[in-house]
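Participant:
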Amino acid sequence: MDLFYDHIGMSYNFEKYDNTAVDTQNTPYDYGSVMHYGPTAFSKNGLNTIEPLQSGVVIGQRQTLSEIDIQEVRLFYGCSAAGSTLPPTVMNSTTTSTIPITTATATTTTTTATQQIVPLRAPAIDIRPNAKWVQNGLTVAGENGSGNGINQLYYPYGLYVDDDQTIYIADHGNHRIVERKIGATSGQVVAGGAGSGNGSHQLDGPRDVIVDKERDSLIICDPNNRRVVRWPRRNGTSGETIISNIDCISLTMDENGSLYVVDYMKDEVKRYRFGDTEGTVVAGGNGRGNRLDQLSGPFYVFVDRNHSVYVSDHYNNRVVKWEEDAKQGIIVAGVQGQGNSLTQLSGPHGVVVDQLGTVYVADSWNHRIMRWPKAATEGSVIVGGYGQGRESYQLNRPWGLSFDRHGNLYVGDFHNHRVQKFNIEQAIN
2 MDLFYDHIGM SYNFEKYDNT AVDTQNTPYD YGSVMHYGPT AFSKNGLNTI EPLQSGVVIG
62 QRQTLSEIDI QEVRLFYGCS AAGSTLPPTV MNSTTTSTIP ITTATATTTT TTATQQIVPL
122 RAPAIDIRPN AKWVQNGLTV AGENGSGNGI NQLYYPYGLY VDDDQTIYIA DHGNHRIVER
182 KIGATSGQVV AGGAGSGNGS HQLDGPRDVI VDKERDSLII CDPNNRRVVR WPRRNGTSGE
242 TIISNIDCIS LTMDENGSLY VVDYMKDEVK RYRFGDTEGT VVAGGNGRGN RLDQLSGPFY
302 VFVDRNHSVY VSDHYNNRVV KWEEDAKQGI IVAGVQGQGN SLTQLSGPHG VVVDQLGTVY
362 VADSWNHRIM RWPKAATEGS VIVGGYGQGR ESYQLNRPWG LSFDRHGNLY VGDFHNHRVQ
422 KFNIEQAIN
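Pasting the structure below:
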């Protein structure tokens, strides 16, 4: 089997030794017992840590740990020999699952395996603060200009990149959602595409789309119909309205399945837990304005693993962070009003935050993507910034923003009717 060490958060648990060898904790380790763990055991980023080389092999079938496994876990966490001490949580903001451990004396204790949460649109890797991206973007959708052909787009808004680098695009002017697989020469319509309208098989100017992996469906902002729609991800011919009477322009989802939806007419972001039709205001909701408890034209939303909400506050030319249950926000990008200096933004749209808390924002009217490190008072331009244009190194009012899991950046290049991919370069040490 393959072991992916870059994905392992508890690396001492997987050492390349046979049953008689001694690992880095000076403990004999049963290498064969790796088969008892599931594909993402001890993952720090949600990606597979173990993959069988043979097809059809099932792993993760064992329900208890061997005595050697128990000893390994105890030593790793500093537990007592009796196994009565529970291990600590390794990271804040992790999902946890309890694994029963049967000891030789038939007593039972528990250990907690942790898996790092990767928020929607965020990279799965830690991007170094000095990382760079190739300045010449690759057109990965809309390479044939504006239009309604299967290899064309007409004013793309939000986008989402799946784990396998499949791109989902809200093709606003064509009233459809387009799926574009990596390496494909054309896209596929996976929702809408039947002209503008309010039928269950139609969309009218969609602005954003995400994938709900748990329910294998697309969730779409359909603002001209004042609704949020759930659409089957595969071979769906119609959608189901899950939220009504909302002027949705952007949405995202946390690891619990709660939706966060921007209502740009009410200048607020609401959280909807599964089955909830009313929602709870988590940002804004105090009328349009520039106070820290207000928003003015919220256009894009991102939720981190601590459930902090980041909003591109378009007309206030800033990005504001609202921590969970906060009554007002904190400005994290665009601290000196509208402009084109490194301390300013002009009409921000897409926003994504990486694992280190660095904010990436589509600075639309400045035709650039900016990076603002945590607690920084000014940002830096990472792509674009060469004026408005169609060259591979230029953007024209960028809107949607998403990373893939490898740290490559995807930009909805709104007025160029295309999606650009900017590959990450190796970081400077």
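In terms of my numbering, the sequence shown has 337 at position 336, counting the first letter as 1, and numbering is strictly consecutive.
All C-beta atoms in this analysis are idealised placements derived from N, C-alpha and C, irrespective of residue type, glycine included.
Small disclaimer: the values here were computed from a predicted structure and weren't measured.
Name the two residues that bound the continuous beta strand (DSSP E) containing L219.
Facilitator: For this step, residue 219 is matched to residue 218 along the sequence shown. Residues 218 to 223.
Participant: Indicate the three-state DSSP secondary structure (helix, strand or coil) for H308 in the structure shown.
Facilitator: The sequence position of residue 308 within the sequence shown is 307, counting from 1. H308: coil per DSSP, three-state reduction.
Participant: Report the rounded CA-to-CA distance for I51 versus E325, giving the unit in angstroms.
Facilitator: Here residue 51 refers to the residue found at position 50 of the sequence shown. Here residue 325 refers to the residue found at position 324 of the sequence shown. When rounded, the distance between both Cα atoms is 34 Å.
Participant: P224 and A171 - do their beta-carbons sit closer together than 8 Å?
Facilitator: Start at 1 with the first residue of the sequence shown, and residue 171 comes out as number 170. Start at 1 with the first residue of the sequence shown, and residue 224 comes out as number 223. The answer is no: Cβ separation not under 8 Å.
Participant: Going by the beta-carbon positions, is the gap between G386 and N367 smaller than 8 Å?
Facilitator: Looking up residue 386 in the sequence shown gives position 385. Looking up residue 367 in the sequence shown gives position 366. In this structure, N367 lies closer than 8 Å to G386 by Cβ.
Participant: For L154 and G143, which I take to be in contact (beta-carbon distance under 8 Å), what is that distance rounded to the nearest angstrom?
Facilitator: As a position in the sequence shown, residue 154 is number 153, starting the count at 1. As a position in the sequence shown, residue 143 is number 142, starting the count at 1. Indeed, because the Cβ distance is near 4 Å, the residues count as touching under 8 Å.
Participant: Going by C-alpha to C-alpha distance, which of E426, N409, G335, V420 sits closest to T140?
Facilitator: Reading the sequence shown from its first residue, position 139 is the one you call residue 140. Looking at the Cα atoms, V420 is the closest of the given residues.
Participant: Flag this pair as yes or no: are the beta carbons of S147 and H176 separated by less than 8 Å?
Facilitator: For the purposes of this step, residue 147 is taken as the residue at position 146 of the sequence shown. For the purposes of this step, residue 176 is taken as the residue at position 175 of the sequence shown. Going by C-beta atoms, S147 is not nearer than 8 Å to H176.
Participant: Between the C-alpha atoms of N397 and S309, what's the straight-line distance to the nearest angstrom?
Facilitator: To locate residue 397, count along the sequence shown from 1; it is residue 396. To locate residue 309, count along the sequence shown from 1; it is residue 308. Cα-Cα distance, rounded: 30 Å.
Participant: Give the range of the beta strand (DSSP E) segment to which T140 is assigned.
Facilitator: Here residue 140 refers to the residue found at position 139 when the sequence shown is read from its first residue. That run of the beta strand (DSSP E) goes 139 to 142.
Participant: Below 8 Å between beta carbons: does that hold for V262 and L219?
Facilitator: Locating residue 262 in the sequence shown gives position 261, counting from the first residue. Locating residue 219 in the sequence shown gives position 218, counting from the first residue. The answer is no: Cβ separation not under 8 Å.
Participant: Among G276, T278, M371, N287, which one has its Cα closest to the Cα of R319?
Facilitator: If you number the sequence shown from 1, residue 319 lands on position 318. Of the candidates G276, T278, M371, N287, the one whose C-alpha sits nearest the C-alpha of R319 is M371.
Participant: Between which two residues does the beta strand (DSSP E) holding Q189 run?
Facilitator: Residue numbering aside, residue 189 sits at position 188 when the sequence shown is read from its first letter. 189 to 193 is the span of the beta strand (DSSP E), which, as asked, contains Q189.
Participant: Which runs of the beta strand (DSSP E) spanning at least 3 residues fall entirely within the region 247 to 290, listed in chain order?
Facilitator: Taking only runs of at least 3 residues, the beta strand (DSSP E) segments lying wholly in the region 247 to 290 are 249 to 254, 260 to 264, 269 to 273, 281 to 285.
Participant: Counting along the chain, where does the beta strand (DSSP E) carrying S133 start and finish?
Facilitator: Taking the sequence shown and counting its residues from 1, one reaches residue 133 at position 132. One detail in the question is off: residue 133 reads as Lys in this sequence, not Ser. No beta strand (DSSP E) contains K133, which DSSP labels as neither H nor E.
Participant: To the nearest angstrom, how far is the alpha carbon of S94 from that of D164?
Facilitator: Here residue 94 refers to the residue found at position 93 when the sequence shown is read from its first residue. Here residue 164 refers to the residue found at position 163 when the sequence shown is read from its first residue. Any answer about S94 is weak, because its pLDDT of 38 lies below 50 and its placement is not dependable; what the coordinates show is given next. Roughly 21 Å between the two C-alpha positions.
Participant: Quick check: what's the CA-CA separation for Y411 versus P233?
Facilitator: To locate residue 411, count along the sequence shown from 1; it is residue 410. To locate residue 233, count along the sequence shown from 1; it is residue 232. Rounded to whole angstroms, Y411 to P233 spans 24 Å at the Cα level.
Participant: Which of the three DSSP states, helix, strand or coil, is assigned to H350?
Facilitator: Within the sequence shown, residue 350 is the residue found at index 349, counting from 1. In this structure, H350 counts as strand in the three-state DSSP scheme.
Participant: Work out the CA separation of V283 and L296 for me, nearest whole Å.
Facilitator: To locate residue 296, count along the sequence shown from 1; it is residue 295. To locate residue 283, count along the sequence shown from 1; it is residue 282. Near 12 Å, if we compare the C-alpha coordinates of V283 and L296.
Participant: Measuring alpha carbon to alpha carbon, tell me which of I211, G194, I250, N246 ends up nearest T238.
Facilitator: Numbered from 1 along the sequence shown, position 237 holds the residue referred to as residue 238. T238 has its Cα closest to that of G194, out of I211, G194, I250, N246.
Participant: Beta strand (DSSP E) containing R319: first to last residue?
Facilitator: Within the sequence shown, residue 319 is the residue found at index 318, counting from 1. First-last of the beta strand (DSSP E) with R319: 319 to 323.
Participant: Just the Cα atoms here: how many angstroms apart are L346 and I332?
Facilitator: The residue labelled residue 346 in the question sits at position 345 within the sequence shown. The residue labelled residue 332 in the question sits at position 331 within the sequence shown. Going by the C-alpha atoms only, they are around 12 Å apart.
Participant: Please determine, among V135, I126, D209, the residue with the shortest C-alpha to C-alpha distance to Y156.
Facilitator: On the sequence shown, position 155 is the one that residue 156 refers to. Taking only the C-alpha atoms, the option nearest Y156 is D209.
Participant: Where do the N-terminal and C-terminal ends of the beta strand (DSSP E) with S403 fall, by residue?
Facilitator: As a working mapping, residue 403 is identified with position 402 in the sequence shown. Where S403 is concerned, the enclosing beta strand (DSSP E) stretches over 399 to 404.
Participant: For A114, count neighbouring Cβ atoms within 10 angstroms of its own Cβ and tell me buried if that reaches 16, exposed if not.
Facilitator: Looking up residue 114 in the sequence shown gives position 113. Because the pLDDT of A114 is 43, which lies under 50, any placement of that residue in the model is unreliable, and the number read from its coordinates should be weighed accordingly. Buried.
Participant: Determine whether the beta carbon atoms of S365 and G388 lie at a separation below 8 Å.
Facilitator: Translated into positions along the sequence shown, residue 365 becomes position 364. Translated into positions along the sequence shown, residue 388 becomes position 387. No, Cβ-Cβ distance for S365 and G388 is not below 8 Å.
Participant: My output table needs one value for G174: the three-state DSSP class, helix, strand or coil.
Facilitator: On the sequence shown, residue 174 is found 173 positions in, with the first residue counted as 1. Looking at G174 - three-state DSSP - the assignment turns out to be helix.
Participant: Kindly indicate which residue of A185, N246, E180, V384 has the alpha-carbon position closest to the one of G280.
Facilitator: Taking the sequence shown and counting its residues from 1, one reaches residue 280 at position 279. The option with the nearest alpha carbon to G280 is N246.
Participant: List the endpoints of the continuous beta strand (DSSP E) containing Q421.
Facilitator: Stepping through the sequence shown from its first residue, residue 421 is reached at position 420. Residues 419 to 423.
Participant: Any idea what DSSP makes of Y316, helix, strand or coil?
Facilitator: Numbered from its first residue, the sequence shown carries residue 316 at position 315. DSSP places Y316 in helix when its eight states are reduced to three.
Participant: Measure the C-alpha to C-alpha separation of R257 and F275 and round it to an integer number of angstroms.
Facilitator: In the sequence shown, residue 257 corresponds to position 256, counting from 1. In the sequence shown, residue 275 corresponds to position 274, counting from 1. According to the sequence as given, residue 257 is Asn; it is not Arg. When rounded, the distance between both Cα atoms is 9 Å.
Participant: Per DSSP, which residues does P120 bridge with? Please list them.
Facilitator: Position 119 of the sequence shown, counted from the start, is the residue given in the question as residue 120. Bridge partners of P120: none, in fact.
Participant: Are the beta-carbon atoms belonging to I250 and R231 less than 8 Å from one another?
Facilitator: Here residue 250 is taken as the residue at index 249 of the sequence shown, counted from 1. Here residue 231 is taken as the residue at index 230 of the sequence shown, counted from 1. Contact: no.
Participant: Work out the CA separation of T278 and Y394 for me, nearest whole Å.
Facilitator: Residue 394 sits at position 393 when you count from the first residue of the sequence shown. Residue 278 sits at position 277 when you count from the first residue of the sequence shown. So the two alpha carbons sit approximately 43 Å from each other.
Participant: What is the rounded straight-line gap between the Cα of L87 and the Cα of N152?
Facilitator: Your numbering for residue 87 matches position 86 in the sequence shown. Your numbering for residue 152 matches position 151 in the sequence shown. Residue confidence for L87 is low, a pLDDT of 35 falling below 50, so the modelled location carries little weight; the figure read from the coordinates is stated next. If I take the Cα positions, the gap works out to 55 Å.
Participant: Which residues in the same chain as H202 place their Cβ atom closer than 7 Å to its Cβ, once the five residues preceding and following it in sequence are excluded?
Facilitator: Against the sequence shown, residue 202 aligns to sequence position 201. Cβ within range, chain order: A195, T238, S239.
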